[in-house]
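K.L.:
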Amino acid sequence: MAGSSINVRELAMETLTDVDREKKTASEAMNITLRNYQYMSKQERSFYTRLCNGTLENRIQLDYKLDRISKTPVHKCKPYIRSILRMSAYQILFMNSIPDSAVCNEAALLTKKKGFRQLTGFVNGVLRNLIRQKDALTLPEREADPVKAMSVQYSIPEWLVDKMRSWYPEEITERIFRAFLQEPPLTVRINLLRTTKEEVKTDLEAAGVKATDGHYTDNTLQLTGYNYLNRIRAFREGLITVQDESSVLQGYLIHPKPGDRILDICAAPGGKSMQAAERLGLADPDRKRQPGSVLARDVSVSKVERIQENLERMQYSNIETQVWDAVQPDPSRKEQFDFVIADVPCSGLGVIGRKQDIKYRIRPEQLTELVNLQREILQQAVTYVKPGGMLVYSTCTIHPGENEEQVEWLTENYPLEPENLHQYLPETLVNEVKDQPGTELEQGYTTLLPGLQSCDGFFMAAFRKKKN
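Note that this note's numbering has the sequence shown beginning at 6, numbered continuously upward.
(1) Give the range of the beta strand (DSSP E) segment to which Glu422 is assigned.
(2) Starting from Leu244, trace the alpha helix (DSSP H) in both directions and tell me its first and last residue.
(3) Counting pairs of beta carbons, one from the stretch 250-266 and one from the stretch 212-227, are three or more of them closer than 8 Å?
(4) Please determine, among Glu204, Pro104, Gln138, Leu115, the residue with the shortest C-alpha to C-alpha distance to Val128.
(5) If you draw a straight line from the C-alpha of Ala7 to the C-alpha of Val24, how long is it?
(6) Helix, strand or coil for Ile74 per DSSP?
(7) Could you tell me the alpha carbon to alpha carbon distance between Leu300 and Leu378, rounded to whole angstroms?
(8) For the stretch 337-407, list the beta strand (DSSP E) runs that are entirely contained and at least 3 residues long, ordered along the chain.
(9) Where in the stretch 410-451 do unbroken runs of the beta strand (DSSP E), each at least 3 residues long, occur, reported from the N-terminal end onward?
(10) Closest to Met319 by CA distance: which of Trp329, Gly355, Ser278 is it?
(11) Can the beta-carbon of Phe185 be found less than 8 Å from the beta-carbon of Gly358?
(12) Rounded to whole angstroms, what's the CA-CA distance from Tyr257 to Leu430? Just pull it up for me.
(13) Report the option in Asn235, Ile367, Glu62, Thr452 whose CA atom is closest to the CA atom of Gln187.
(14) Which word fits Gln48, buried or exposed, when buried means at least 16 other C-beta atoms lie within 10 angstroms of its C-beta?
(15) Let me make sure I understand the geometry here. Which of Asn232, Thr451, Ala239 has the alpha-carbon closest to that of Ser46?
(16) State the start and end residues of the unbroken alpha helix (DSSP H) segment that holds Ala34.
(17) Hey, could you find the ends of the beta strand (DSSP E) Ser298 is sitting in?
(18) For Gln240, which residues from the same chain have a beta carbon less than 7 Å from its beta carbon, with the 5 sequence-adjacent residues on both sides left out?
(19) Return yes when the Cβ of Gly393 is within less than 8 Å of the Cβ of Lys472, no when it is not.
(20) Below 8 Å on the Cβ atoms is my guess for Ile259 versus Phe342; work out the distance and round it to an integer in Å.
(21) Using CA coordinates, which residue listed in Leu426, Leu90, Asp461 is at the minimum distance from Pro190?
(22) For Arg147, does the three-state DSSP call read helix, strand or coil?
(23) Just to confirm my understanding: we take Trp414, look at its own chain, exclude 5 residues before and 5 after, and list those with CB closer than 7 Å. What are they?
(24) Going by the DSSP bridge assignment, what does Arg470 pair with across the sheet?
(25) Expressed to the nearest angstrom, what Euclidean distance is found between the alpha-carbon atoms of Thr20 and Pro290?
(26) Under 8 Å between the Cβ atoms of Ser93 and Leu124?
(27) Starting from the N-terminal side, write out each stretch of the alpha helix (DSSP H) that is 4 residues or longer and does not extend beyond the stretch 156-228.
(28) Identify which residue in Leu268, Ser156, Thr451, Gln138 has its Cα closest to the Cα of Asp335.
(29) Drop a sphere of 10 angstroms on the beta-carbon of Lys470, count the other beta-carbons inside from all chains shown, and report buried for 16 or more, exposed for fewer.
(30) So, under 8 Å CB-CB, Ala386 and Leu396 are touching, yes? Tell me the CB distance rounded to an integer number of Å.
(31) Using DSSP bridges, identify the partner residues of Asp269.
(32) Distance, Cα to Cα, Asp440 vs Thr433?
(33) Expressed to the nearest angstrom, what Euclidean distance is found between the alpha-carbon atoms of Gly120 and Gly130?
(34) Starting from the Cα of Arg137, find the closest Cα among Ile367, Ile89, Leu98 and give me that residue.
(35) With a threshold of 16 other CB atoms inside 10 Å of the CB of Lys308, please say whether the residue is buried or exposed.
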């Protein structure tokens with residue numbers, strides 16, 4: 006940007022190309038860049054983030070419009086040229102504050118810089134055609150082909166539009182797709198073992214960060230007006246941790262007594278384990294009784310190291326970590342835990358609004374593969390629950406096969422009884438979800454849907470293990 010030694014558009018181009026080649030996820034690529042360029046100004050950081058996220062979330066629509074004015078389809082262009090065209094088209098079509106001439110000039114400079122001088126005329130010509138014709142480039146007619154029309158309008162692959170329309174009524178599907186295009190808030194959970202909401206809000210506001218209460222939970226805040234998370238004292242010192250309200254609500258199903266033992270079998274990055282540990286601590290604030298414990302497991306050293314980093318920052322002391330593959334049996338832990346948390350690997354379709362590249366990475370056959378993997382994990386998870394103890398199952402997807410169909414499979418095959426979720430969840434949420442698809446509170450499960458709930462898409466279920 007003007008007056009800066011950092012070429013933010015070049016950084017965005019590199020990020021988008023890495024994501025397009027599937028070298029990195031969008032969040033990985035963006036986090037690396039933001040970490041390497043911590044000295045970026047707030048304006049530069051905001052522009053970089055919007056350019057990457059906006060280009061990704063609208064990619065199918067951008068390609069559709071570019072293909073209508075270019076002799077060479079976008080998918081046949083070289084990766085860097087694809088990224089330059091897409092992010093330039095995003096600025097022209099969605100960012101009115103940037104002069105079109107500046108977008109074209111910067112695109113030409115980047116094309117030359119990446120060694121494609123011979124393609125400068127092509128890039129410039131396509132973008133100038135787009136500028137001239139942008140108001141005439143209409144979207145496909147809904148009546149002629151509703152799946153194609155929704156795919157282009159909301160930049161959702163056609164196969165996924167088709168699936169979603171089979172899972173949910175069309176009006177709900179459209180609300181979900183609209184929500185995916187809205188910027189989600191950054192939600193943090195407060196470490197109530199070390200501070201209070203009032204203290205955190207005062208501290209944040211003194212630092213110029215706006216903090217508003219969560220929609221459903223009394224231990225969350227939504228933050229705006231910050232530049233870099235690590236510059237917020239409350240975050241650095243472990244008074245808050247990033248955790249969406251959907252995930253925090255799952256933690257409400259964990260209601261331990263002093264001395265209870267809790268197992269989190271797919272724990273990284275550790276948010277649910279830490280919330281469980283906090284609820285254990287709050288159950289015995291004077292620490293007069295036998296302390297409980299949390300065992301946080303995940304499949305790799307790198308994942309467990311992430312958990313440990315968060316534990317050190319948040320200063321939770323009653324959590325042990327362990328590398329363990331959740332599909333592997335562990336007879337030494339049979340029926341040892343009062344609560345087992347199974348937040349399993351999933352398709353992630355509920356968090357597309359936060360991780361836009363998910364919709365391009367996921368393939369139809371992976372949905373079936375994930376269902377089978379989840380069942381392998383759940384088969385082991387059930388063995389760790391004490392008779393009378395609770396299994397809490399969750400995903401961040403809105404795919405019924407990974408959600409309510411797994412509930413049916415569990416109750417048919419294992420000695421589990423659904424817990425009525427009404428007793429654990431806030432009344433405001435209960436009133437929202439009680440009549441919507443994917444929710445049967447009395448049968449122990451609920452699906453939170455983007456556009457219907459003010460949080461990420463999420464599924465949670467709770468079961469009580471029958472006593473012998």
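The beta-carbon is built from N, C-alpha and C at its ideal position, and this holds for glycine as well.
Just so we're clear, the structure is a prediction, and the values are computed from it rather than from any experiment.
P.N.:
With the structure as the only source:
(1) Walking along the sequence shown from the start, residue 422 turns up at place 417. Taken as a continuous stretch (DSSP letters only), the beta strand (DSSP E) holding Glu422 covers 421-423.
(2) Your numbering for residue 244 matches position 239 in the sequence shown. Run containing Leu244: none; DSSP gives neither H nor E here.
(3) yes
(4) What you label residue 128 is simply residue 123 of the sequence shown in a count that begins at 1. If we check each option's Cα against that of Val128, Leu115 comes out closest.
(5) On the sequence shown, position 2 is the one that residue 7 refers to. On the sequence shown, position 19 is the one that residue 24 refers to. With a pLDDT of 46 at Ala7, under the threshold of 50, the modelled position of that residue is not reliable, and the figure given next carries that caveat. One C-alpha to the other measures close to 26 Å.
(6) As a first step, residue 74 must be located in the sequence shown, where it is residue number 69. Helix at Ile74.
(7) By 1-based counting over the sequence shown, the position of residue 300 is 295. By 1-based counting over the sequence shown, the position of residue 378 is 373. If you take the alpha carbons of Leu300 and Leu378, they lie about 22 Å apart.
(8) 342-348, 390-400
(9) 421-423
(10) Along the sequence shown, read from residue 1 onward, the residue named residue 319 stands at position 314. The residue with the shortest Cα to Cα distance from Met319 is Ser278.
(11) Indexing the sequence shown from 1 puts residue 185 at position 180. Indexing the sequence shown from 1 puts residue 358 at position 353. Taking 8 Å as the Cβ cut-off, Phe185 and Gly358 qualify as a contacting pair.
(12) The residue you call residue 257 lines up with position 252 of the sequence shown. The residue you call residue 430 lines up with position 425 of the sequence shown. Cα-Cα distance, rounded: 7 Å.
(13) Taking the first residue of the sequence shown as 1, we reach residue 187 at position 182. Selected option, being the one with the closest Cα: Glu62.
(14) For this step, residue 48 is matched to residue 43 along the sequence shown. Gln48 is exposed by the Cβ-count criterion.
(15) The count along the sequence shown starts at 1 and reaches residue 46 at position 41. Selected option, being the one with the closest Cα: Asn232.
(16) Mapped onto the sequence shown, residue 34 falls at position 29. First-last of the alpha helix (DSSP H) with Ala34: 31-41.
(17) One-based indexing of the sequence shown puts residue 298 at position 293. Counting along the chain, the beta strand (DSSP E) containing Ser298 begins and ends at 298-303.
(18) The count along the sequence shown starts at 1 and reaches residue 240 at position 235. At residue 240 the sequence reads Phe, which differs from the Gln that was named. If we look at Phe240 and ignore the five residues flanking it on each side, its Cβ neighbours are Leu234.
(19) Counting from 1 along the sequence shown, the entry for residue 472 is found at position 467. Counting from 1 along the sequence shown, the entry for residue 393 is found at position 388. It is a contact, given that the beta carbons lie within the stated cut-off.
(20) For the purposes of this step, residue 259 is taken as the residue at position 254 of the sequence shown. For the purposes of this step, residue 342 is taken as the residue at position 337 of the sequence shown. Going by Cβ atoms, the distance from Ile259 to Phe342 rounds to 11 Å, so no, they are not a contact pair.
(21) Locating residue 190 in the sequence shown gives position 185, counting from the first residue. Checked all of Leu426, Leu90, Asp461; the closest Cα to Pro190 is Asp461.
(22) Start at 1 with the first residue of the sequence shown, and residue 147 comes out as number 142. Arg147: coil per DSSP, three-state reduction.
(23) By one-based count along the sequence shown, residue 414 stands at place 409. Correct list, in chain order: Arg380.
(24) Here residue 470 is taken as the residue at index 465 of the sequence shown, counted from 1. One detail in the question is off: residue 470 reads as Lys in this sequence, not Arg. Leu421.
(25) For this step, residue 20 is matched to residue 15 along the sequence shown. For this step, residue 290 is matched to residue 285 along the sequence shown. When rounded, the distance between both Cα atoms is 46 Å.
(26) Mapped onto the sequence shown, residue 93 falls at position 88. Mapped onto the sequence shown, residue 124 falls at position 119. No, the pair does not count as a contact, with Cβ atoms beyond the cut-off.
(27) 163-172, 175-185, 202-211
(28) Residue mapping note: residue 335 aligns to position 330 of the sequence shown, counting from 1. The shortest Cα separation from Asp335 among Leu268, Ser156, Thr451, Gln138 belongs to Leu268.
(29) In the sequence shown, residue 470 corresponds to position 465, counting from 1. Answer is buried; the Cβ neighbour count reaches 16.
(30) Here residue 386 refers to the residue found at position 381 of the sequence shown. Here residue 396 refers to the residue found at position 391 of the sequence shown. Yes, they are in contact, since the Cβ atoms of Ala386 and Leu396 sit about 6 Å apart, within 8 Å.
(31) Residue numbering aside, residue 269 sits at position 264 when the sequence shown is read from its first letter. Paired residue(s): Ala301, Ile346.
(32) Reading the sequence shown from its first residue, position 435 is the one you call residue 440. Reading the sequence shown from its first residue, position 428 is the one you call residue 433. Between Asp440 and Thr433, the C-alpha separation is close to 13 Å.
(33) Reading the sequence shown from its first residue, position 115 is the one you call residue 120. Reading the sequence shown from its first residue, position 125 is the one you call residue 130. For Gly120 and Gly130, the distance between alpha carbons rounds to 18 Å.
(34) As a working note, residue 137 is residue 132 in the sequence shown. It is Leu98.
(35) On the sequence shown, residue 308 is found 303 positions in, with the first residue counted as 1. Per the 10 Å Cβ criterion, buried.
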